[in-house]
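Heads up: the structure comes next, in structure tokens.
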Amino acid sequence: MKDELKTRFGHTAKDLAQDFAEQLKYSQDADIYHTTAEGRYTALALAIRDRIVHQWNLSRKTQRKENAKRINYLSLEFLMGRAMTNNVINLGVEDQLKEALSSLGYTYEELADMEPDAGLGNGGLGRLAACFLDSLATLEYPAYGYGIRYNYGIFRQQIKNGWQVEQPDNWLRNGNPWELKRPDVVYTVQFGGEVKMIREKGKDNFKWIGSEQVNGVAYDTPIVGYGCKTVNTLRLWSATSPEEFNFHEFNDGDYTEAVRSKISAENLSQVLYPNDTLYMGKELRLKQQYFFVACSLADIIRSFKRRKLSWSQFPDFAAIQLNDTHPSLAIPEMMRLLLDEEGLSWDEAWDITVAIMGYTNHTLMPEALEKWTLPMLQSILPRHMQIIYEINHRFLQSAVSFFPLQPQVLGQISIIEESNPKQVRMANLAIIGSHSTNGVAALHSELLKRSMFPQFNLIYPKRFNNKTNGITQRRWLLDANPRLAQKITEAIGDGWITDYSQIAKLAPFATDKAFVSDFAKIKLENKVKAAAFLKKDSGMIIDPNTLFDVQVKRIHEYKRQLLNALNIMLIYNDIKKGGKATENMPPMTFLFGGKAAPGYVNAKLIIKLINNIAKVINGDSQANKLLSIQFMPNYRVTMAESIIPATDLSEQISTAGTEASGTGNMKFMCNGALTIGTMDGANVEIAEEVGKDNMFIFGHTEEEISQLGKSYNPFAWAMGDNEIKEAVALLSTGYFNVNEPNIFDPLRKSLFEDGDRYFHFADLRMYADAHKSARDLYRGDQNEWNRKAILNIASSGKFSSDRTIGEYAKDIWALKQCPVQRDDGTETALQDAMKK
Ligand code: KUQ
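For the sequence shown, the residue numbers in the numbering used here are 2 to 837.
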């Protein structure tokens, strides 16, 4: 019998076809001719997952055996997108799989296209976490990502009459074949109640007795490193009601109350808050934060305790990185666990906490700063509030010597803001309670020290550091742009896939006739593919034989989609007048994409304005020969993978000093788009790498903006330039909203009456001129354009998240790589089954 059992898990096309067919038959109860598209996708995903699980197990065992330190990346967002194509590439079975499926009469792309995006994030911050997981696994660092398994991710965006309409994103509707529920990994989290002091052995002990309990159950998703050696874990918590709690009320006869509290517990992990760079002090959000922090720390501590070491060694085995302040309750929670549960002294607990925690700041925007009102924190987390007070007390005492006789400075750096009601400043807590505070690009990190936290920098000069963001070249080039990836590999070998600094070897090919012409051909093919994607996705029709000018990112005033829109008005006006600025213009398609926070009125108005401009211009038989304006509904990771490789001109035009880093800028760069942008965020470093001559840099620098400051008069800037004046008149006179009077008044008001906070008019002339030089170059010298595009790719080596993660590992986490042997599990699947 033993010998007759056939093993699975092989990697030939035949093995894969066999397993796919078996999954269809046994997990979907269908044969290959009678099944739904969803069923085929799920069957294929399960067949692939089977090939990952053994290596996953082996990775865990190896990391444990080697006593390896592990990084625990705490993030309220992981914007993963699709898993299938990424996993297939990293497993190294793409060719075999295509063959297997075609032998059964299916196409791989068709099945892969059935997968919904895992949209558990808003924008750059969540996608950064996803890129980091890919790099951590590929570089073989032991790592867990911890977050929330939201039942609903970022909303699906529809456009109706030009307005954004939000639809729920029920991404788990058909189940999720990539995750494994771990019913045995479950922790109980409490809220509310009160803190009792119990005196024991001459020591005060605090006992927190909550009034509400919620269970967190782990759902694990494997994170496959390229080459499938290390497979790490993304562990997401789902909230359920604790059994006992229900039974209690059930037995009291209050069935409805039991059901109600069960539902209320489950509310916690229902939905991702759709605000990007915008803080809203909602109680449910605070509970989400504590819920996932408490489950994650309990899990990290359980895993440390298995090693049976002393607490002082804890920081040698675990590092915790806080992705923004969203998980900053980890600091008081760690203190609570070490003090109240483990009985350590304050000083012991504090040293451990500070040594383990690292904090990444992602923004300077004041409206994103998290400040919980003290009464809310107090009522939901009474013990944490006590601990925060004690942390603050000790901190302020130690800070006095830095600022003698300056009580107002102490007031600024205090964790507690003496407002009414009082507020708890989570960023201050995060800086004080961690050994490292990093920004996400050089300029941003400088500004953190210089303008946002100068006093903290004085107290803790060694804590502040920079970790310039990066992106994974495996998803954003190898996976998203396979034809270009293939060309690059033919030119310089495939070392760039895991060592992206090697992309520099591409530089000489910028003037290689054959390579340049292949590059141009691939760009056009990608445009044709992107056009087909958009046609299918939203019925949109665009012409691949035009310059693709793309601005895709969250809609936010500081990102200045409005600047782009104003420039389009200038261009339009010039075309109508037969002016000079457009006389030799190449035909262009302006593509916009991005979601607005549902409560952000001006962001939603910007979407409406773009759509109205599109309607007028696309319907104007004179203008539409040269101009097509498109708003692509429901921008998401999967759309980015299609549109970015097709882009000629990448719009990165935020007001200098406002975009912490940007990561879309890097994705465009490595796919051979030229950047038109300001000296903001990582654009500064992109300019350093590729040279300003190979970009279209414009606008006031951060210094110049801050010098303009209060004396800035947008009206004078706008009216002093005749063409801008005419374009503005289009907006003011309602040219784009003849049937909807006054709807854009709030935008006009923000520009002219409220002082144009983001300096649109200070930069518009320079932007228009830079844009014209881009158009001229594209029209006039395709070879030169392509040379610059290829130089951009060749200069993008710095912007791999592999580089970023290497720096975090060395400077912040003291983390070592832990190599895992590759083993396809062909034999052990059977051996394990017979082990018992
Ligand atoms: C804030 N802050 C609250 C959700 C997201 C937030 C809720 O992080 C990117 C940067 C980018 C920055 C973004 C960010 N998201 C900051 C946020 O705006 O510039 O590239 C990753 O660091």
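Idealized CB from N, CA, C, for every residue including glycine.
Evaluate residue i with the Cβ neighbour count: other Cβ atoms within 10 Å of its Cβ, from every protein chain shown; 16 or more gives buried, anything less gives exposed.
i: T639; result: buried
i: F215; result: One detail in the question is off: residue 215 reads as Val in this sequence, not Phe. With 16 or more other Cβ atoms within 10 Å, it is buried.
i: G710; result: exposed
i: G106; result: exposed
i: T257; result: exposed
i: Q409; result: exposed
i: A515; result: exposed
i: G127; result: buried
i: L310; result: exposed
i: M85; result: buried
i: Q64; result: buried
i: Q424; result: buried
i: N565; result: buried
i: V401; result: exposed
I'd like to know whether the C-beta atoms of residue i and residue j end up nearer to each other than 7 Å.
i: F319; j: I301; result: A quick correction: the sequence has Ala, not Phe, at residue 319. Taking 7 Å as the Cβ cut-off, A319 and I301 qualify as a contacting pair.
i: P316; j: A356; result: yes
i: I381; j: R337; result: no
i: P587; j: R776; result: yes
i: G594; j: V529; result: no
i: V232; j: N91; result: no
i: L134; j: G125; result: no
i: G678; j: Q653; result: yes
i: L485; j: I523; result: yes
i: F800; j: F753; result: no
i: I72; j: L792; result: no
i: F207; j: M198; result: yes
i: F520; j: D550; result: no
i: L140; j: F79; result: no
i: S329; j: A240; result: no
i: L795; j: I504; result: Per the sequence shown, the amino acid found at residue 795 is Ala instead of Leu. Contact flag set, yes.
Kindly examine the ligand KUQ and report whether one of its heavy atoms sits closer than 6 Å to the Cβ of residue i.
i: T354; result: no
i: N470; result: yes
i: G663; result: yes
i: N619; result: no
i: D277; result: yes
i: E704; result: no
i: L567; result: no
i: L564; result: no
i: E141; result: no
i: A597; result: no
i: G1; result: Residue 1 is absent from the structure shown; the chain starts at 2 and stops at 837.
i: L411; result: no
i: V739; result: no
i: L129; result: yes
Within a Cβ cutoff of 8 Å, which residues of the same chain sit near residue i, ignoring the five residues on either side of it in sequence?
i: N714; result: none
i: N87; result: D135, V225, R475, R476 and D480
i: N695; result: L675, K789, L792, N793 and S796
Quick one: residues in its chain with C-beta nearer than 6 Å to the C-beta of residue i, no 5 flanking neighbours on either side, listed in chain order?
i: A31; result: L25 and G40
i: E180; result: Y220 and T222
i: S446; result: G440 and N467
i: V187; result: N216 and V218
i: G176; result: none
Could you name the residues of the same chain whose beta carbon sits closer than 7 Å to that of residue i, not counting the 5 residues immediately before and after it, in chain order?
i: I149; result: L77, L237, W238, S270, Q289 and F293
i: Y601; result: L279
i: L45; result: F21 and L112
i: A38; result: M115
i: F403; result: L459 and I460
Using a threshold of 6 Å, is the CB atom of residue i nearer than that to any non-hydrogen atom of the ligand HEM?
i: A101; result: In terms of ligand content, the structure shown lacks the ligand HEM and carries the ligand KUQ instead.
| query | Three or more C-beta pairs closer than 8 Å, one from the segment 352–360 and one from the segment 427–445: is that the case here? | reply | yes
| said: Check whether the segment 641–653 and the segment 450–459 are in contact - that is, three or more C-beta pairs closer than 8 Å. | reply: no
| query | On the three-pair Cβ rule with 8 Å, is the segment 624–637 touching the segment 675–685? | reply | no
| Taking one C-beta from the segment 564–579 and one from the segment 621–628 each time, how about it: are there three or more such pairs within less than 8 Å? | yes
| Three-pair Cβ contact test at 8 Å for the segment 773–788 versus the segment 726–736 | no
| task | Please confirm if the segment 779–794 is in contact with the segment 751–768, defined as three or more CB-CB distances below 8 Å between the two stretches. | result | no
| query | Should the segment 468–483 be regarded as contacting the segment 410–420, the criterion being three or more beta carbon pairs within less than 8 Å? | reply | no
| request: Report yes or no: do the segment 556–565 and the segment 653–665 share at least 3 C-beta pairs separated by less than 8 Å? | output: yes
| Is there contact here, the segment 605–619 with the segment 88–102, by at least three beta-carbon pairs under 8 Å? | no
| message | Three or more C-beta pairs under 8 Å: does that hold for the segment 331–347 against the segment 388–403? | response | yes
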